[in-house]
């Protein structure tokens, strides 16, 4: 092993210490500042905050979008539901259920025919009667299509009306918007009347006089009756028949005679006909009835030989066929002998005023005759036609 000589340097601990004086480096002002650990921590916090804000924003957008989409679904569903025509139909049907006849009438493009004898209100009342007190329902009619929904209104199972809907537009989602198109409520006027009355009388239907256009038949007077009055200026009207149809209700029939007085009208259900006979109204009726009783009393007394034939002269016009017949009646010569005669129970059983100048009477009286051993009551009935001749009433004819 090589030995070190004395010239070999030996170091002590002191001599071995190195002077390590630190010289502080000078910072270049143009160089970027060194990043410290503290600044890095601050940047991390900002990043987390930004991320948190972003997450909140995204969440809000998602929530908004969900709500918006959910709102769209709700609105679309409501829009789709509102496009169901049955919704409109339910609204229309509510008017039927409340018997709102004015609403129905206003939405009818064609109304039932209104005659001069019945008003519009009468027809509305008739329509109302078809649904009043009945159970109402509605169903799709046979004419129902997707483009034109149509429903039938039933009253106790019978169709009384139809309702048609129409597309009036579309909503923002393209679904159709429906509206009421029209209501059909057909009604048939099934009532009418046939009335026969004297030709010189007038007939009124619901207060309105029928004119000649409603005449269906004219029956002339009986020739056998005319012979009693025509030769002396009297007249007897025949009968005229009127017919009317197209009414919704059975009419009120009124007949007025030649003088404007109301005369009775009878309804014959078997023949479905109204009949009015000759009038019994006359301004001189009371006096004429008394005249008829006086004549019948005298006539009976002449027949029973209790009065002279000549006493009848004032009652008959010149050339009277009736007077001639009475004067030649053989019964005058063969009446049973009797005592005193009393007239009783006088009555006019029938009075007809054909017109102001011609009337007919059926007069009944009873003669109580003194006979042996007991009195006897002899009835007499006359059928006489009276005509006003030159201002004076006379018997123009007698019917036996």
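Residue numbers (our numbering): 2 to 401.
Glycine is no exception: its CB is placed at the ideal position from the N, C-alpha and C atoms.
DSSP state of residue i mapped onto helix, strand, coil
i           : result
residue 181 : strand
residue 57  : helix
residue 220 : strand
residue 63  : helix
residue 257 : strand
residue 327 : helix
residue 387 : strand
residue 267 : strand
residue 211 : coil
residue 363 : strand
residue 407 : With the chain covering 2 to 401 only, the question about residue 407 has no answer from this structure.
residue 227 : helix
residue 349 : strand
residue 206 : strand
residue 49  : helix
residue 381 : strand
CB of residue i within 7 Å of CB of residue j, strictly
i           : j           : result
residue 367 : residue 345 : yes
residue 97  : residue 129 : no
residue 169 : residue 158 : no
residue 235 : residue 383 : no
residue 372 : residue 339 : yes
residue 248 : residue 193 : yes
residue 246 : residue 354 : no
residue 164 : residue 145 : no
residue 167 : residue 182 : yes
residue 306 : residue 364 : no
residue 254 : residue 263 : no
residue 318 : residue 233 : yes
residue 124 : residue 139 : no
residue 299 : residue 312 : yes
residue 206 : residue 222 : no
residue 95  : residue 198 : no
residue 105 : residue 178 : no
Residue span of the alpha helix (DSSP H) that contains residue i, given as start and end
i           : result
residue 289 : 286-304
residue 86  : 86-98
residue 405 : Outside the shown range of the chain, which is 2 to 401, sits residue 405, and nothing can be said about it.
residue 130 : 121-130
Counted within 10 angstroms of its Cβ, other Cβ atoms place residue i as buried (16 or more) or exposed
i           : result
residue 61  : exposed
residue 55  : exposed
residue 37  : Legend: pLDDT at residue 37 = 49, less than 50; position of this residue unreliable, no value from coordinates given.
residue 283 : buried
residue 356 : buried
residue 398 : buried
residue 92  : exposed
residue 162 : buried
residue 388 : buried
residue 385 : buried
residue 131 : exposed
residue 114 : exposed
residue 229 : buried
residue 326 : exposed
residue 374 : exposed
residue 352 : buried
residue 48  : exposed
residue 119 : buried
Residue i: CB within 6 Å of a non-hydrogen atom of the ligand NAD
i           : result
residue 226 : With respect to small molecules bound, the structure shown includes none, and the ligand NAD cannot be examined in it.
Residue range of the beta strand (DSSP E) that includes residue i
i           : result
residue 104 : First-last for residue 104: 102-107, but that is the alpha helix (DSSP H), not the beta strand (DSSP E).
residue 162 : 159-171
residue 399 : 393-399
residue 193 : 192-199
residue 312 : Counting along the chain, residue 312 falls outside any beta strand (DSSP E), and DSSP gives it neither H nor E.
residue 247 : 240-248
residue 275 : 274-276
* Asked: Can we say the region 315-334 touches the region 242-254, given the rule of at least three CB pairs closer than 8 Å?
  -> no
* Using 8 Å as the Cβ pair cut-off and three pairs as the minimum, do the region 212-228 and the region 251-270 touch? -> no
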